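**Q**
Numbering (my numbering), first residue to last: 106 to 372.
1. Comparing alpha-carbon positions, which option in 325, 184 and 300 lies nearest residue 230?
2. When DSSP labels each residue in this structure, what does residue 193 get in the three-state scheme?
3. Give the C-beta separation of residue 289 and residue 187 to the nearest angstrom, bearing in mind that I take them to be a contact with Cβ-Cβ under 8 Å.
4. Pick out whichever of 233, 253 and 166 has its Cα sitting closest to the Cα of residue 137.
5. Does the stretch 138 to 146 come into contact with the stretch 344 to 356, if we say contact requires no fewer than three beta-carbon pairs (one atom in each stretch) closer than 8 Å?
6. What does DSSP give as the partner residues of residue 339 in its beta bridges?
7. Buried or exposed: residue 245, going by 16 or more other Cβ atoms within 10 Å of its Cβ?
8. Along the chain, where does the alpha helix (DSSP H) containing residue 355 start, and where does it finish?
9. Once the 5 residues before and after residue 121 are set aside, which same chain residues still bring their CB inside 6 Å of it?
10. Considering Cα atoms alone, identify which of 198, 193 and 330 is closest to residue 273.
11. Can you give the beta carbon distance from residue 216 to residue 196, rounded, assuming they're within the 8 Å contact cut?
12. Relative to the C-alpha of residue 169, which residue among 199, 213 and 269 is closest?
13. When you compare the CB positions of residue 311 and residue 338, do they come within less than 9 Å of one another, or not?
14. If we require 4 or more residues per run, which alpha helix (DSSP H) segments fall completely within the stretch 258 to 298?
15. Could you check if residue 275 is buried or exposed, using at least 16 other CB atoms within 10 Å of its CB as the buried criterion?
16. What are the boundary residues of the beta strand (DSSP E) that residue 158 is part of?
17. So the beta strand (DSSP E) residue 304 belongs to, where does it begin and stop?
18. Nearest by alpha-carbon distance to residue 235: which of 255, 191 and 321 is it?
19. Beta-carbon within less than 6 Å of residue 322's beta-carbon, same chain only, minus the 5 sequence neighbours each way: which residues are those?
20. Roughly how many whole angstroms lie between the Cα atoms of residue 261 and residue 198?
21. Starting from residue 230, trace the alpha helix (DSSP H) both ways and give me its first and last residue.
22. So who's on the other strand from residue 130, going by DSSP bridges?
23. Where do the ends of the beta strand (DSSP E) carrying residue 315 lie?
24. With DSSP as the reference, label residue 186 as helix, strand or coil.
Printed below as a string of C-alpha cells:
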C-alpha cells in the first residue's frame with residue numbers, strides 16, 4: 106500500500122496529470138481475487154469519466170510500465186489516418202505477402218478495419234514503416250503515450266523495443282483519445298472508435314483492444330478500452346502475466362467480471 110501511495114503521488118505530479126482536475130482514487134485489492142483465482146497476477150485500472158474517479162486493483166502494479174504489444178494498434182491506427190497512410194477504415198487494401206503465419210486470420214489481405222479486428226501484426230508493421238519512425242515519434246510524444254521511447258526496430262518497437270506503458274497511462278491515453286483531446290482530426294478519432302467496437306452487453310457498448318507477448322522476459326497480456334453506458338464512459342486497462350495458455354483467453358473475461366463488479370457493465 107505504501108508503494109501504491111508513492112507511485113500515485115509521482116504520477117499525479119507529472120505534466121499530464123498536472124493539467125487534470127483533482128480526482129478520487131479508490132483501491133480495491135479485494136478484487137485481486139479475479140487474478141489469483143485464474144492462477145496469475147495482474148492489475149486493473151478503471152476511470153469513470155463524469156466523476157473523474159479512478160479505481161485500482163493491485164496498486165503495486167498499476168504504475169509499472171510494460172510493452173504495449175498489440176494495444177499499440179490504437180495509436181498506430183490514429184497516426185496512420187493522420188499521416189494519410191490509411192484513407193479510412195476500409196481503404197486501402199493491404200496485400201498479404203503470401204507468408205504463412207501462425208494465426209490463420211492474418212493470412213489474407215486486410216484493411217484497417219479487418220486488420221485491427223484480426224490484430225494482424227504484419228499489416229501494422231507495414232503501416233509503421235510507411236509512417237516512418239520520425240513521424241511516429243512526433244505523434245507518440247504529442248499523445249503522451251507511455252514513456253514515448255521508440256527505441257528498437259521501426260516496425261516492432263511496441264513488441265520488442267523500448268516503449269513502455271502502464272495500466273494507468275493506458276487509461277489516461279484512452280480518456281484523452283475518446284474525449285477528443287489528442288491533436289488529431291475528429292474524423293480519425295471517429296474511425297478508430299468505430300473499429301474498436303467489440304460488442305453490446307445489455308445497455309452497454311464495449312470497445313477495446315487486446316495485446317499479448319507470449320514468452321520471454323517481457324511477456325505480458327493486455328486488454329484495454331472503455332464501456333459506454335448511458336451518459337457515462339468507463340475507461341479501463343488490464344494487464345496480467347500470461348504464465349499459461351489459459352491466461353491469454355482469461356484477459357477479457359477477467360476484465361468483464363471486474364467491470365461488472367464496479368458497475369460499468371450489467372451483471
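We put the beta carbon where it would ideally sit given N, CA and C, even for glycine. From a predicted model like this one, the values you see are computed outputs, not experimental measurements.
**A** On the basis of the supplied data:
1. Taking the first residue of the chain shown as position 1, residue 230 is located at position 125. The option with the nearest alpha carbon to residue 230 is 184.
2. Taking the chain shown and counting its residues from 1, one reaches residue 193 at position 88. Residue 193 falls in the strand class under three-state DSSP.
3. On the chain shown, residue 289 is found 184 positions in, with the first residue counted as 1. On the chain shown, residue 187 is found 82 positions in, with the first residue counted as 1. Confirmed, Cβ separation roughly 5 Å.
4. For the purposes of this step, residue 137 is taken as the residue at position 32 of the chain shown. Ranking 233, 253 and 166 by Cα distance to residue 137 puts 166 first.
5. Enough Cβ pairs lie closer than 8 Å, so yes.
6. Here residue 339 refers to the residue found at position 234 when the chain shown is read from its first residue. According to DSSP, residue 339 bridges with 153 and 332.
7. Within the chain shown, the letter at position 140 stands for residue 245. Buried: at least 16 other Cβ atoms inside 10 Å.
8. Residue mapping note: residue 355 aligns to position 250 of the chain shown, counting from 1. Looking at the DSSP string, the run of the alpha helix (DSSP H) that includes residue 355 is 350 to 366.
9. Start at 1 with the first residue of the chain shown, and residue 121 comes out as number 16. The predicted position of residue 121 is uncertain, since its pLDDT is 43 and thus under 50; no value can be drawn from it.
10. For this step, residue 273 is matched to residue 168 along the chain shown. Nearest option by C-alpha distance: 330.
11. Reading the chain shown from its first residue, position 111 is the one you call residue 216. Reading the chain shown from its first residue, position 91 is the one you call residue 196. Between residue 196 and residue 216 the Cβ distance is about 7 Å, and since that is below 8 Å, they are a contact.
12. Within the chain shown, numbered from 1, the residue matching residue 169 stands at position 64. For the options 199, 213 and 269, the alpha carbon positioned closest to that of residue 169 is the one of 269.
13. Working through the chain shown from its first residue, we reach residue 311 at position 206. Working through the chain shown from its first residue, we reach residue 338 at position 233. No, Cβ-Cβ distance for residue 311 and residue 338 is not below 9 Å.
14. 262 to 265 and 272 to 283
15. Numbered from its first residue, the chain shown carries residue 275 at position 170. Result: buried.
16. Working through the chain shown from its first residue, we reach residue 158 at position 53. Segment 158 to 162, the beta strand (DSSP E) holding residue 158.
17. In the chain shown, residue 304 corresponds to position 199, counting from 1. Start and end: 302 to 306.
18. Start at 1 with the first residue of the chain shown, and residue 235 comes out as number 130. For residue 235, the nearest C-alpha among the options comes from 191.
19. Translated into the one-based positions of the chain shown, residue 322 becomes position 217. Correct list: empty, nothing qualifies.
20. Numbered from its first residue, the chain shown carries residue 261 at position 156. Numbered from its first residue, the chain shown carries residue 198 at position 93. Rounded to whole angstroms, residue 261 to residue 198 spans 21 Å at the Cα level.
21. Translated into the one-based positions of the chain shown, residue 230 becomes position 125. First-last of the alpha helix (DSSP H) with residue 230: 226 to 236.
22. Within the chain shown, numbered from 1, the residue matching residue 130 stands at position 25. In the DSSP output, where bridge partners are listed per residue, residue 130 has 159.
23. Within the chain shown, the letter at position 210 stands for residue 315. Note, residue 315: beta strand (DSSP E), 309 to 318.
24. As a position in the chain shown, residue 186 is number 81, starting the count at 1. DSSP places residue 186 in helix when its eight states are reduced to three.
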